[in-house]
Structure formats: structure tokens, C-alpha cells
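Q: Pasting in a structure now, in C-alpha cells, and then I'll have a few things to ask.
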Amino acid sequence: MNLLSIKFAACEREVFAHFMIGNTYGYSQQDYLNDIQAAHNAGIDGFALNFATNNVFASTDIALNDIYKAAESFGNSFRLFLSFDYAVVPDWDPLTVVEYIDRYKTSSAQFKYNGKPFVSTFEGPDRAADWENIKNQTGCFFIPDYSSLGAFGAASLPSVDGLLSWNAWPQYQDDVPKADQEYISALGGRPYMMPVSPWFFTNIPEYNKNWLWHSDELWPRRWDQVFQLKPTFVELLTWNDWGESQYLAALPRSEDVIPAAARGYVSAAPHVSWLSDLPYYIQKYKNGGSEPAVGSYTPHITFWYRLNPKGSCSTGDTTCNSAKNGQTTYPPTDCAKDAVFFSVFTGSKATVHVSIGGEVQEPQVASSGGVFHANVPFNSLTGLVEIAATMEDGSRLGPIYGPEISKECVGGQVNWNAWVGGS
């Protein structure tokens, strides 16, 4: 291991959630406080604040000021950093970038790495040359997402101090994405920010977006990769990107912040119960893959499923994989399993009981204590979902209930998003 690797390895692992400022206009400072409190309670260390030039700057400035003030009230326990979105037109003028970094780098809530204000991007490799001067003027530590260049192409740029990858979703029937090891190798000891996401489905014709990525068991499988690879940082994708079904936050009070085309597949599909899993997952990541102590997390069940069987209605012309991203596409039915998926977090062996539409399914029995993940196919069954877990000592989690699986589809199209619940 070289000196650079030793220097970075000594730093504490951190977990951030990608936070879309453009999806919060109309928020009060209390709204930001509520989001920060929810993230903090889940063990998240901070937010990566994504914003773009097509956001109204006056509103952006109000939003950034409010969220920094909200985070400052948490002392040093919740940190923020700026993530400049270059995937819109016009792209960023470097003088404006410098102004934003300088404005917030002295905040007590600013995340710093090796004493430098931490800064990221979403794409923008064609403006990578700007960052030598930006870094000289601001003293920032720069970890962009230049995924469009690939790992080695991005890592070769002289301004890069580390990299964030956006390759958080598997293609076709793979269970997990496969780009992380390439990033780690390309960076040669520099920090890698590994993306972790629970789901992906989008159908927004205005932006020519209509695809899903295989996400059925992505959430637990992706964390297994984190424990194996031990990246310097983790970035959760995302806190509040409603239109791509990759959100972890509670659904917003007002639908106005959800893209109009996405409301049909988002408004009845909460994901917030996935936050309950994070105290366990984040502790295990920070422990270097060692099991968290029993009692350091709350025993619970998290379960998720789609509300429509995949063959019940029109596919809505959704594809599995993204032609827009140059991928070979397949029918969405190839990449989505009709099943109730669950994870049980407990220190002892669990037996899980699931019923669908009143029909009791075969019990699922864990082979050991700790997290137990499995699924129960619902095939042609419809109706309300009930789940409970019984431990070796006779204690019980649940029962808890989920909405009915139905062949009646909103707008006549299968909803490829997940409904998520938990105890």
C-alpha cells in the first residue's frame, strides 16, 4: 500500500444522500430540518446538494442558505457539500462555481476532506479543464461523477482527486452493477464514492425517459457489495429524485414537487421504510464489514413489491435497460419478478410468514441470525399482503400489512415502481 492509500484509509467512512435542490422549491427551513432529522436518524452523515443552472438562481440561493442554516443547527453531526449538475443547458460558468464554493466553504456544516471543502458534480467532463483553476481559487477537494467517460477515462483527468460513479443499477437480469472494481483500480488509492440505490423506474415522455433497471433485490445485494469493497465513501441515490423512483425520503406533502408525468407511479409508492435498514447497513459498512452489535439497531421487517402483476396491464412501452444510455433493451417483464421481497433484521433466526389475498404461503426460514433476505412469489395471486416473523425465542415482529396487489392499473399501465413498508 502506498502513502496515498494509507492517508486515505485512515479517514472515517462517510455516507451521503444525493439531495435534489430543484425538487424542494417552496420548502421552508423547517422542511429542510425535517429532512435532515430523518436522514440523521437513519445514520446518514450528510447530503450532496445537486443543483443546476436551469434552476432559478434566486430560488437556489434561498434554498441553499436555508438548508445550510438547518444543517448548522445540528452542530458537526450532519454535513453538506455542493454537487454541480452539468447535465443541463447552459452549463456552469467557472466564476459562478467559485462563488458558490467560496460562499459555503466556511459554514460549520460544510463537509471537508483533508481540511478541504468537498465538491462534486453530476457529469460535466467537457468542462473538466475548468477545475484546475477552480481548485486553485477555492482550495476544494474534487470528486466528480464523470461516468460517461468510464472509470479509466475519468481517473486520468488531472483535476480529479477521486471519483463518484453513477453506475448504481444493474443491466438486464444482473442482480447488481459491476463497475465498482474498475473504478477502484483506476483510482489507484484515491477515494472512491460508491453509489447505492434502492430502485429505478422512470416514465417521463417530456424527457424521452421510459425504462426500468432490474431492482427487485438491488437494495440488500448492493449493500453486500459495499461490505466487500469497502469504498471510502457511499452516496445514496437518492434522497428525493421522485421522477426516477430512486427516492428514500418520505413522500412530499405536496405533489407539486413530483413531475406531473410521474405522479401516477410515485404518489401511492412510499419508500421511506428503506430508511429503517440504514442503521444496520451503515454501521456494518463503518465496521469494515463486521456485524453490528445486537441492540445497536432496531429489529424490524422491511418488505416491498409492485402493486400490479407484470402481465396484468399494458407495459406502457417501458423497456428493461435504457436505449438512451446506449444499452440493449428487453421487455420489462424479463427484468421484474412478481414477488413480495423482504429483509428481517434481528439477532436470532427468523421464520417469516407471508399471506397474499388471505392465502398463506410457505414459511421462509433463516439459516442463521442477522439479516435474512428472501422473497415469496405471488404469481397469479392478488389482494392484501400480510407479513410477520417469529424468532427462536417465540418473540414476534408484526404482523404488518401492505396494500393489495391488483390487476387494476393506474392509467391502464403496470406500475413498475415499488411499494415499500415495514414494522
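Sequential numbering of the sequence shown, starting at 11, is according to the working numbering. Just so you know, even glycine gets a beta-carbon here, dropped at the ideal spot from N, CA and C. What you are looking at is a predicted structure, and each value in this text was computed from that prediction instead of being measured.
(1) Which residue marks the beginning of the alpha helix (DSSP H) containing GLU24, and which one marks its end?
(2) Helix, strand or coil: how does DSSP classify HIS281 here?
(3) Can you give me the Cβ contacts of VAL170 inside the same chain, cut-off strictly under 7 Å, excluding the 5 residues immediately before and after it?
(4) Answer yes if the segment 382-397 comes into contact with the segment 285-298, meaning at least three C-beta pairs across the two stretches below 8 Å, and no otherwise.
(5) If you run the structure through DSSP and keep just helix, strand and coil, what is HIS310?
(6) When we look at the beta-carbon of ARG137 and count the other beta-carbons within 10 Å, is it buried (16 or more) or exposed?
(7) Can you give the beta carbon distance from GLY368 to VAL304, rounded, assuming they're within the 8 Å contact cut?
(8) On a CA-only basis, which of TYR114, ASN335 and PRO100 is nearest GLU82? Give me that one, please.
(9) Using the beta-carbon count (16 or more within 10 Å), is ARG406 buried or exposed?
(10) Which of the three DSSP states, helix, strand or coil, is assigned to VAL108?
(11) SER207: which of ASP45, GLY53 and TRP233 sits nearest, CA to CA?
(12) Could you check which residue in GLN256, LYS122 and PRO168 has the C-alpha nearest to that of PHE88?
(13) Contact between the segment 304-320 and the segment 62-77: three or more CB pairs below 8 Å?
(14) CB-CB under 6 Å to PRO319, same chain, minus the five flanking residues each way: which ones, in chain order?
(15) Would you check if there are 3 or more beta carbon pairs closer than 8 Å linking the segment 272-287 to the segment 62-69?
(16) Tell me, please, which residues DSSP counts as bridged to CYS330.
(17) What ranges does the alpha helix (DSSP H) occupy inside the segment 24-104, keeping only unbroken runs of at least 4 residues that lie completely in it?
(18) Mark THR131 as exposed unless 16 or more other C-beta atoms lie within 10 angstroms of its C-beta, in which case mark it buried.
(19) Would DSSP call VAL267 helix, strand or coil?
(20) In angstroms, rounded to a whole number, what distance separates the CA positions of ALA399 and ALA260?
(21) Roughly how many angstroms separate the alpha carbons of LYS17 and THR242, rounded to a whole number?
(22) Along the chain, where does the beta strand (DSSP E) containing SER195 start, and where does it finish?
(23) Just the Cα atoms here: how many angstroms apart are TYR78 and THR116?
(24) Apart from the five residues just before and just after THR148, which ones in its own chain have a Cβ nearer than 8 Å to its Cβ?
(25) For LYS240 and ASN124, I'd like the C-alpha separation in whole angstroms.
(26) When we look at the beta-carbon of ASN51 and count the other beta-carbons within 10 Å, is it buried (16 or more) or exposed?
(27) Nearest CA to the CA of ASP226: which residue from VAL99, TRP141, THR361 and TRP179?
(28) Keeping to the same chain, check which residues put their C-beta closer than 6 Å to that of LEU167; ignore five residues upstream and five downstream.
(29) For ASN331, count neighbouring C-beta atoms within 10 Å of its own C-beta (all shown protein chains included) and say buried if the count is 16 or more, exposed if not.
(30) Taking Cβ positions, are LYS359 and ALA346 nearer each other than 8 Å?
(31) Quick one: measure Cβ to Cβ for THR325 and PRO341, integer angstroms, because I've assumed they're closer than 8 Å.
(32) With C-beta atoms as the reference, is ALA272 less than 8 Å away from TRP252?
(33) What runs of the beta strand (DSSP E), each 3 residues or longer, lie entirely inside the segment 109-164?
A: Considering the structure as presented:
(1) The sequence position of residue 24 within the sequence shown is 14, counting from 1. Unbroken run through GLU24 is the beta strand (DSSP E), 24-30; no alpha helix (DSSP H).
(2) Taking the sequence shown and counting its residues from 1, the one referred to as residue 281 is at position 271. Residue state, collapsed to three classes: coil.
(3) Taking the sequence shown and counting its residues from 1, one reaches residue 170 at position 160. So the qualifying residues of the chain are PHE152, PRO154 and ALA164.
(4) Contact between the segment 285-298 and the segment 382-397 is absent, with fewer than three C-beta pairs closer than 8 Å.
(5) The residue labelled residue 310 in the question sits at position 300 within the sequence shown. If DSSP states are grouped into helix, strand and coil, HIS310 belongs with the strands.
(6) Stepping through the sequence shown from its first residue, residue 137 is reached at position 127. It counts as buried.
(7) Indexing the sequence shown from 1 puts residue 368 at position 358. Indexing the sequence shown from 1 puts residue 304 at position 294. Wrong, their Cβ atoms sit about 35 Å apart, outside the cutoff.
(8) Looking up residue 82 in the sequence shown gives position 72. Just measuring C-alpha positions, the residue of TYR114, ASN335 and PRO100 sitting nearest GLU82 is TYR114.
(9) In the sequence shown, counting from the first residue as 1, residue 406 sits at position 396. Answer is exposed; the Cβ neighbour count stays below 16.
(10) The residue you call residue 108 lines up with position 98 of the sequence shown. The three-state secondary structure of VAL108, taken from DSSP, is helix.
(11) The count along the sequence shown starts at 1 and reaches residue 207 at position 197. Shortest Cα-Cα distance from SER207 to any of ASP45, GLY53 and TRP233 involves TRP233.
(12) In the sequence shown, residue 88 corresponds to position 78, counting from 1. Ranked by Cα distance from PHE88, the first of GLN256, LYS122 and PRO168 is LYS122.
(13) Counting C-beta pairs closer than 8 Å gives fewer than three between the segment 304-320 and the segment 62-77, which falls short of the contact rule.
(14) Residue 319 sits at position 309 when you count from the first residue of the sequence shown. So the qualifying residues of the chain are ASP348.
(15) Contact between the segment 272-287 and the segment 62-69 is absent: fewer than 3 CB-CB pairs across the two stretches fall below 8 Å.
(16) Within the sequence shown, the letter at position 320 stands for residue 330. Its beta-bridge partners are LEU222 and TYR340.
(17) The alpha helix (DSSP H) runs of length 4 or more contained entirely in the segment 24-104 are, from start to end of the chain, 39-51 and 67-82.
(18) Sequence index remark: in the sequence shown, residue 131 carries index 121 (1-based). Buried is the call here.
(19) Taking the first residue of the sequence shown as position 1, residue 267 is located at position 257. VAL267 falls in the helix class under three-state DSSP.
(20) Mapped onto the sequence shown, residue 399 falls at position 389. Mapped onto the sequence shown, residue 260 falls at position 250. C-alpha separation (whole angstroms): 25 Å.
(21) As a position in the sequence shown, residue 17 is number 7, starting the count at 1. As a position in the sequence shown, residue 242 is number 232, starting the count at 1. Per-residue confidence for LYS17 stands at a pLDDT of 39, beneath the threshold of 50, marking its modelled position as unreliable; no derived number is given.
(22) Within the sequence shown, the letter at position 185 stands for residue 195. Annotation for SER195: no beta strand (DSSP E) segment contains it, though the alpha helix (DSSP H) segment containing it runs 190-197.
(23) Looking up residue 78 in the sequence shown gives position 68. Looking up residue 116 in the sequence shown gives position 106. The alpha-carbon atoms of TYR78 and THR116 are separated by roughly 11 Å.
(24) As a working mapping, residue 148 is identified with position 138 in the sequence shown. Around THR148: VAL108, ILE111, ASP112, LYS115, PRO127 and VAL129.
(25) Counting from one through the sequence shown, the residue named residue 240 turns up at place 230. Counting from one through the sequence shown, the residue named residue 124 turns up at place 114. Roughly 19 Å separates the two Cα atoms.
(26) In the sequence shown, the residue the question calls residue 51 occupies position 41. Counting other Cβ atoms within 10 Å of its Cβ, ASN51 stays below 16 and is therefore classed as exposed.
(27) Counted from its first residue, the sequence shown places residue 226 at position 216. Checked all of VAL99, TRP141, THR361 and TRP179; the closest Cα to ASP226 is TRP179.
(28) The sequence position of residue 167 within the sequence shown is 157, counting from 1. Apart from sequence neighbours up to five positions away, the residues of its chain that approach LEU167 with a beta-carbon distance below 6 Å are ALA138, ordered along the chain.
(29) What you label residue 331 is simply residue 321 of the sequence shown in a count that begins at 1. Classification for ASN331: buried.
(30) Sequence index remark: in the sequence shown, residue 359 carries index 349 (1-based). Sequence index remark: in the sequence shown, residue 346 carries index 336 (1-based). No, Cβ-Cβ distance for LYS359 and ALA346 is not below 8 Å.
(31) Taking the first residue of the sequence shown as position 1, residue 325 is located at position 315. Taking the first residue of the sequence shown as position 1, residue 341 is located at position 331. Separation of the CB atoms of THR325 and PRO341 is rounded to 7 Å, and the pair is thereby assigned contact status at 8 Å.
(32) Here residue 272 refers to the residue found at position 262 when the sequence shown is read from its first residue. Here residue 252 refers to the residue found at position 242 when the sequence shown is read from its first residue. Inclusion of ALA272 and TRP252 in the CB contact set at 8 Å is warranted, their separation being smaller than that value.
(33) As far as the segment 109-164 is concerned, its whole beta strand (DSSP E) runs of at least 3 residues are 126-132.
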